[in-house]
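Visitor: In UniProt numbering, the protein residues as written are 1 to 342. Think of the CB as a built atom: it goes at the ideal place given N, C-alpha and C, for glycine as much as any other residue.
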Amino acid sequence: MTVAGHNIIGLDWGVSLLLGAMLSPTDPVLAGMVQVNNAQDQDRLRFGLSGEAGLNDGTAFPFVIFALLYLSSGGAMSDWVQGWLIKDLIWAVPAGLLIGYGMGRGVGHLMIFLRIKNADSTTSPNDFLALALIALAYVVAQGVGAFGFLSVFAAGFGLRQAEVRVTRSELPSEHVAQPVLGHMTASLEQGTVAQGEDMSDSQLAAGVMMGDMLAFGSLVERAMEVLLITLLGAALAMYWDWRAIGLGIALFCVIRPASVWLLVSRRLLNVRQKALVGWFGIRGIGSLYYLCFALSHGLAHDVGHVVIGMTLSVVALSILVHGISIQPLLERYERSAAANPD
Numbered sequence: 001m002t003v004a005g006h007n008i009i010g011l012d013w014g015v016s017l018l019l020g021a022m023l024s025p026t027d028p029v030l031a032g033m034v035q036v037n038n039a040q041d042q043d044r045l046r047f048g049l050s051g052e053a054g055l056n057d058g059t060a061f062p063f064v065i066f067a068l069l070y071l072s073s074g075g076a077m078s079d080w081v082q083g084w085l086i087k088d089l090i091w092a093v094p095a096g097l098l099i100g101y102g103m104g105r106g107v108g109h110l111m112i113f114l115r116i117k118n119a120d121s122t123t124s125p126n127d128f129l130a131l132a133l134i135a136l137a138y139v140v141a142q143g144v145g146a147f148g149f150l151s152v153f154a155a156g157f158g159l160r161q162a163e164v165r166v167t168r169s170e171l172p173s174e175h176v177a178q179p180v181l182g183h184m185t186a187s188l189e190q191g192t193v194a195q196g197e198d199m200s201d202s203q204l205a206a207g208v209m210m211g212d213m214l215a216f217g218s219l220v221e222r223a224m225e226v227l228l229i230t231l232l233g234a235a236l237a238m239y240w241d242w243r244a245i246g247l248g249i250a251l252f253c254v255i256r257p258a259s260v261w262l263l264v265s266r267r268l269l270n271v272r273q274k275a276l277v278g279w280f281g282i283r284g285i286g287s288l289y290y291l292c293f294a295l296s297h298g299l300a301h302d303v304g305h306v307v308i309g310m311t312l313s314v315v316a317l318s319i320l321v322h323g324i325s326i327q328p329l330l331e332r333y334e335r336s337a338a339a340n341p342d
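1) Answer yes or no: do F280 and L49 have a C-beta to C-beta separation smaller than 7 Å?
2) Taking DSSP as the reference, what is the three-state secondary structure of D241?
3) Rounded to whole angstroms, what is the Cα-Cα separation between G74 and T2?
4) Counting only beta-carbon atoms, is G286 nearer than 7 Å to chain C?
5) Closest by CA to S313, which one among L329, A244, L251, Q327?
6) Do V81 and A21 count as a contact pair if the criterion is CB distance below 7 Å?
7) If you draw a straight line from the C-alpha of L276 to the C-alpha of A223, how long is it?
8) Hey, out of R283, I326, M310, whose CA is closest to S318's CA?
9) Let me confirm a value: Q190 is counted as buried when at least 16 other C-beta atoms fall within 10 Å, else exposed. Which label applies?
10) Could you tell me if E331 is buried or exposed, where buried requires 16 or more neighbouring beta carbons within 10 angstroms of its beta carbon?
11) Can you find at least 3 beta carbon pairs, one from the stretch 295–308 and one from the stretch 258–276, that sit closer than 8 Å?
12) Hey, would you say G96 sits closer than 7 Å to G158, going by beta carbons?
13) Just the C-alpha distance for L291 and R256, rounded to the nearest angstrom, thanks.
14) DSSP three-state call for D302: helix, strand or coil?
15) Would you kindly report the start and end of the unbroken alpha helix (DSSP H) that includes I65?
16) Between A137 and V152, how many whole angstroms is the CB-CB distance? I'm expecting something under 8 Å.
17) Could you check what DSSP says for P25 in three-state terms: helix, strand or coil?
18) In this structure, does DSSP put F128 in helix, strand or coil?
19) Note the first and the last residue of the continuous alpha helix (DSSP H) segment covering R115.
20) Taking only the alpha-carbon atoms, compute the straight-line gap between E225 and F113 and give it to the nearest angstrom.
21) If you pair each beta-carbon of the stretch 137–148 with each one of the stretch 85–93, do three or more pairs fall below 8 Å?
22) Quick one: is D79 buried, meaning 16 or more other Cβ sit within 10 Å of its Cβ, or exposed?
23) So the candidates are G58, M213, R267; which of them puts its Cα closest to the Cα of L129?
24) Check this for me: beta carbons of I8 and L247, under 7 Å apart or not?
25) Give me, in chain order, the residues of the same chain whose beta-carbon lies closer than 7 Å to that of R286; leave out the 5 immediate sequence neighbours on both sides.
26) For H6, does the three-state DSSP call read helix, strand or coil?
27) Using CA coordinates, which residue listed in L69, P328, G102, A154 is at the minimum distance from L55?
28) Have a look at A4, A53, S336, L68 and flag the residue whose alpha-carbon is nearest the alpha-carbon of L18.
29) Short of 8 Å in beta carbon distance, which residues of its chain neighbour A300, apart from the five on each side in sequence? Order them along the chain.
30) Between the alpha carbons of L295 and W240, how many angstroms are there, rounded?
31) Would DSSP call A146 helix, strand or coil?
32) Specify the secondary structure class of G58 as computed by DSSP and reduced to three states.
33) Report the CB separation of A4 from A250 in whole angstroms; it is logged as a contact under 8 Å.
34) If you measure between the beta carbons of L45 and Q327, is that distance less than 7 Å?
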């Protein structure tokens with residue numbers, strides 16, 4: 001992306017690097033059809049895209065900071081490079097992952113324990129627990145100089161690991177315990193869909209917790225999606241940049257597909273899956289977050305205007321072309337996978 005921005009649009013290397021880092025995160029929230037359907041979804045295409053989107057939001061952050069430092073120094077590679085390596089790469093990435101994982105797993109174990117010890121295991125909703133965990137993981141990580149995005153991703157992983165370790169069941173707990181979102185007076189019988197099955201207290205408690213959080217999280221995702229599209233449409237009237245068409249074509253049709261084919265082994269994905277992963281790289285919230293971060297950290301006005309226009313325009317193009325193509329391509333893939341399972 002950095003090379004494309006410099007050669008196709010004629011941007012300076014620092015601006016091209018910043019733009020490339022901003023546009024690198026993918027965002028399946030805006031393409032819900034390519035997310036994993038549930039915890040039992042073993043499809044490698046969906047799993048790979050969902051995992052990539054959660055992880056690359058944070059791994060691109062060091063390069064956003066590198067580009068900002070490079071621009072603020074006037075392109076001089078001075079002493080700040082060593083500080084960037086130590087603080088923003090060696091420390092911030094693993095620290096964010098460890099903090100988030102520890103908090104997610106700790107909160108998960110605590111909530112399951114409290115529900116087992118109390119009689120309201122199916123009546124007290126966990127709606128805002130997901131938001132609280134996101135906020136705490138992000139704030140704690142940022143407070144110690146780690147990356148909040150990575151911390152939030154790892155917190156979700158740690159929370160699921162707590163559920164798996166406590167229940168020791170291959171079947172995800174939310175599949176056998178009905179979410180009680182809004183059902184404050186639900187009885188034990190209403191709180192479970194495991195008809196004819198004996199459920200342990202830990203499985204019921206974990207299932208209700210995970211079911212509530214997943215249902216509420218999905219609702220928040222959809223609300224954020226509507227807000228994002230609305231704000232993006234309003235901003236495009238002022239910041240649309242026609243040069244984004246060339247950059248978007250290079251990103252969607254050349255850079256991402258080539259990266260997937262070079263980096264992903266055929267032992268992980270077959271040819272059909274690699275082709276779809278190379279195309280399903282929708283841009284969205286992560287790019288806008290990085291844009292806001294850069295603008296709030298001293299980005300020059302002229303550079304900021306270019307970066308705003310290019311970022312918003314490429315995100316809009318991505319939403320358009322990927323949104324139109326996802327359903328027919330995914331339906332064709334699923335029919336082919338059903339007819340010719342690997």
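Guide: The relevant details are as follows:
1) yes
2) coil
3) 17 Å
4) Of the protein chains in the structure, only one exists, and it is not chain C.
5) A244
6) Contact: no.
7) 27 Å
8) R283
9) With a pLDDT of only 43 at Q190, under 50, the local geometry of the prediction cannot be trusted, and the value read off the model is given with reservation. With fewer than 16 Cβ atoms within 10 Å of its Cβ, Q190 is classed as exposed.
10) exposed
11) no
12) no
13) The alpha-carbon atoms of L291 and R256 are separated by roughly 20 Å.
14) helix
15) Run containing I65: 61–72, per the alpha helix (DSSP H) assignment.
16) 5 Å
17) coil
18) coil
19) 92–117
20) 34 Å
21) yes
22) Burial call: exposed.
23) M213
24) yes
25) A small correction: the amino acid at residue 286 is Gly; Arg does not occupy that position in the sequence shown. Counting only Cβ-Cβ distances below 7 Å, and skipping sequence neighbours, we find P25, D27, D57.
26) helix
27) For L55, the closest of L69, P328, G102, A154 by C-alpha to C-alpha distance is A154.
28) Distance check between L18 and each of A4, A53, S336, L68 places L68 closest, using alpha-carbon atoms only.
29) L71
30) 17 Å
31) coil
32) helix
33) 5 Å
34) no
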